[in-house]
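*Asks:* For reference, the structure I am asking about is given below.
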Amino acid sequence: MDSKNVLTLLGDLLDLFRKELMNELKDLPPLRQKDFQVLEYIWTANPEHSVRMSDLTQFMEVSPAATSQLINSYEMQEIAQRVRSTEDRRANFVQIHPTLLKKIEKKMDDLNDRTAALLEYLGPEDAEALERILKKTVEWNDAQADEADTE
């Protein structure tokens, strides 16, 4: 097996995924790489998709004022919104704006449907092989990253 061929196929696949994702996101507000990172952080924080302003500030490694300015901008674009804590009135949370959240959830459902169609196209044996290979690839990459961190 030629590693260059595999690398080319992986690149082609990633390019197709990127193009498809960009096509899926075209009706969302224009987002920069930093915005995607912030939204991913909020999305994965908990089932409510919300984080404390202070945690977001720490994640972004910026001042509280810079975080506040960013969230002000997000609020104007309906990307995120501030929410006061019901338990502690001093605590402010940031969550994905409900309008954007609905769009994201719809896009995730669409991508899930496409993935299900791909797995059906592959058939049970190839679908299981793909899942096994992807898991093994992720494990290998994680091990490589851990190894690089210890050096």
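Mapping to my numbering: the sequence shown position 4 is 874, numbers consecutive. Each residue gets a CB set at the ideal place from its N, CA and C atoms; glycine is no exception.
1. If you drop the 5 nearest sequence neighbours on each side, which residues of the same chain put their C-beta closer than 6 Å to that of Glu990?
2. Cβ of Leu992 within 8 Å of Cβ of Leu1000?
3. Using the beta-carbon count (16 or more within 10 Å), is Leu940 buried or exposed?
4. In the structure shown, what three-state DSSP assignment does Gln965 receive?
5. Would you identify the three-state DSSP class for Val932, choosing helix, strand or coil?
6. Mind the definition here: the stretch 883 to 895 touches the stretch 926 to 939 only if three or more C-beta pairs lie below 8 Å; say whether that holds.
7. Would the beta-carbon of Ser920 fall within 8 Å of that of Ile912?
8. Assuming Thr927 contacts Glu948 (C-beta within less than 8 Å), just tell me the rounded distance between them.
9. Kindly indicate which three-state DSSP category Arg855 falls into: helix, strand or coil?
10. When burial is assigned at 16 or more other CB atoms within 10 Å of the CB, is Leu909 buried or exposed?
11. What does the Cβ neighbour count give for Ile966, buried or exposed, with the cut at 16 atoms within 10 Å?
12. Strictly by DSSP, which residues pair up with Ser920?
13. Return helix, strand or coil for Arg1002, following the three-state DSSP convention.
*Replies:* According to the structure shown:
1. Excluding positions up to five away in sequence, the list is empty.
2. The criterion of a C-beta distance shorter than 8 Å is satisfied by Leu992 and Leu1000.
3. Its Cβ being crowded by 16 or more others within 10 Å, Leu940 is buried.
4. If DSSP states are grouped into helix, strand and coil, Gln965 belongs with the strands.
5. In this structure, Val932 counts as coil in the three-state DSSP scheme.
6. In the pairwise beta carbon analysis, the stretch 883 to 895 is classified as not touching the stretch 926 to 939: fewer than three pairs are separated by under 8 Å.
7. With a cutoff of 8 Å on beta-carbon distance, Ser920 and Ile912 are scored as near each other.
8. Not really, about 22 Å apart at Cβ, beyond 8 Å.
9. The requested residue 855 is not part of the displayed model; the chain covers only 871 to 1021.
10. Counting other Cβ atoms within 10 Å of its Cβ, Leu909 reaches 16 or more and is therefore classed as buried.
11. By the Cβ-count criterion, Ile966 is buried, with 16 or more other Cβ atoms from all chains shown falling within 10 Å of its own Cβ.
12. Bridge partners of Ser920: Gln965.
13. It is helical.
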